[in-house]
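Heads up: the structure comes next, in structure tokens.
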Amino acid sequence: MAETVRDVMTEKVETVEPSDSAVDAAKKMKSADTGAILVTDDGDLKGIVTDRDIVVNAVAEGKDPSDVKVEEIASTDTTTIEPDADIDEAIKLMREHKFRRLPVVEDGQPVGIVSLGDLAAERDDGSALGDISQADPNN
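Each number in my numbering corresponds to the 1-based position in the sequence shown with 342 added.
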């Protein structure tokens, strides 16, 4: 059984710059088959932008996603965790802050992301979320 965040996190994370457009972020999400991308500036974590951020804060507001900058729609009050932290600490943080995804940072640089699905697959692989998280994408 995995014990640390490093054991369950997704290591390959996509990033965008704050000045990139919502369309740029969406294209990276599509290419990486993910719903969240970390926002970095010169390698430093500045926030996280999700597919929901693009829809709710740009499209549903009637804004042109090509004109909306990531910095306008991303969450910037980002809590992080170290890769060698215990999985229980990640669960506690995600529960406390109601996060679905938690950026993993080492020496100030993003090195991964851990999701509810990652934790469910590890701790409760028989649950609906665990099953869905382990299944192949159905794009």
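Idealized CB from N, CA, C, for every residue including glycine.
Item, Value
"Less than 9 Å separating the beta-carbons of Glu356 and Leu380?", "yes"
"Output the boundary residues of the beta strand (DSSP E) element that contains Glu413.", "Where Glu413 is concerned, there is no enclosing beta strand (DSSP E), although the alpha helix (DSSP H) it sits in stretches over Val412 to Ile415."
"Thinking C-beta only, is Ile429 closer than 9 Å to Glu353?", "no"
"Roughly how many angstroms separate the alpha carbons of Glu464 and Val447, rounded to a whole number?", "20 Å"
"Between Ala400, Glu413, Arg394 and Met351, which lies nearest to Met371 when the distance is taken from Cα to Cα?", "Arg394"
"Mark Arg443 as exposed unless 16 or more other C-beta atoms lie within 10 angstroms of its C-beta, in which case mark it buried.", "buried"
"What does a CB cutoff of less than 7 Å around Ala432 pick up in its chain, not counting 5 residues either side in sequence?", "Val347, Ile423, Leu444, Val456 and Leu461"
"Indicate the three-state DSSP secondary structure (helix, strand or coil) for Ser408 in the structure shown.", "coil"
"Check whether the Cβ atoms of Ala378 and Val391 sit closer than 9 Å, and answer yes or no.", "yes"
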